[in-house]
Each structure stands twice: as structure tokens, then as C-alpha cells.
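In my numbering, the protein residues as written are 28 to 178. Take a look at the structure set out below.
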């Protein structure tokens with residue numbers, strides 16, 4: 028009886044581990060995936076997605092929904108990226124805070140839902156970031172694309 032119980036527990040753990048393994052969305056191009064995330068994020072709830080975006084800046088404040096759902100300023104960091112699929116958050120611990128504006132990133136993240144009762148909002152929680160570390164040389168300080176002068 029003990030052995031049977033142990034086998035059932037191990038089988039349940041194995042099934043949970045297989046179900047929790049990240050499955051990245053690579054069957055769609057980034058623009059169509061971003062559009063789908065904007066229109067119907069509930070289809071991707073708790074699923075892993077990968078997106079190619081450009082880094083704009085770190086957000087200094089968390090949104091009201093983020094704070095109400097239990098996110099703390101000392102634990103989470105908001106990312107401002109372009110194009111914006113949903114709000115993007117990551118853990119501060121281990122974050123590369125030296126990213127430059129215009130750097131192309133590949134975000135590997137999970138679609139999550141804020142735990143608030145007022146309204147339903149979804150966000151992306153970053154698991155990993157791959158950076159090409161090549162800042163956009165044409166991006167000006169004001170965010171508009173400007174040509175560099177040859178002088």
C-alpha cells in the first residue's frame with residue numbers, strides 16, 4: 028500500500044513537471060502575436076511566449092493594479108518596450124540595469140493576470156531576456172528617429 032501511494036505521488040509530480048515545462052510560442056511572427064496578446068490575452072494565460080522588442084526605459088513606478096495585486100517596488104521592475112503588447116514586469120534581482128535605449132531584446136515571459144477584483148488586466152512576467160546589446164544609433168533623446176550627422 029505504501030509503495031502504491033509513493034508511485035502515485037511520483038507519477039503526479041512527473042505529470043505536473045511535464046505540464047509546467049515552458050512551451051514557447053514560435054509558430055507566429057512577433058507582430059501577429061503582439062496583436063493577439065493585445066486583443067485576447069486570456070487565450071495565453073499562464074503560457075510562455077517569446078517576443079522581439081526594443082528596450083525604451085525602465086518604469087520608475089508600478090501600476091495601481093500591480094501594487095494592488097501584491098507586487099512590491101523593491102521586488103519588481105517595470106519595462107517600457109516597443110511595441111507594447113501588455114505591461115511588462117521582471118524581478119529586480121539579477122536584472123541587467125545597464126540596458127541602453129534601442130537595444131533589441133528577446134523577452135521570454137509568461138502571460139499573467141493581476142489579482143484584483145475590480146477589473147481584469149493581464150501582464151507579461153519576464154523569465155529571461157536575451158539582448159543583442161546593439162543600441163539604436165538613430166534614436167534621438169526625444170524618442171524620434173533622427174539621422175546622425177556625419178560631422
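Yeah, the Cβ is synthetic: ideal placement off N, Cα and C, and Gly gets one too.
Check: Alpha-carbon spacing of residue 66 relative to residue 140, whole angstroms; Outcome: 14 Å
Check: Straight-line Cα distance separating residue 156 from residue 47; Outcome: With a pLDDT of only 44 at residue 47, under 50, the local geometry of the prediction cannot be trusted, and no value is derived from it.
Check: Per DSSP, the bridge partner or partners of residue 2; Outcome: Residue 2 falls outside the range modelled here, since the chain spans only 28 to 178, and no answer is possible.
Check: Segment limits, alpha helix (DSSP H) that includes residue 94; Outcome: 91-95
Check: Contact between the region 126-137 and the region 58-65 (3+ Cβ pairs under 8 Å); Outcome: no
Check: Residue 95 versus residue 105: straight-line alpha-carbon distance, rounded; Outcome: 15 Å
Check: Cβ pair residue 109, residue 83 closer than 8 Å; Outcome: yes
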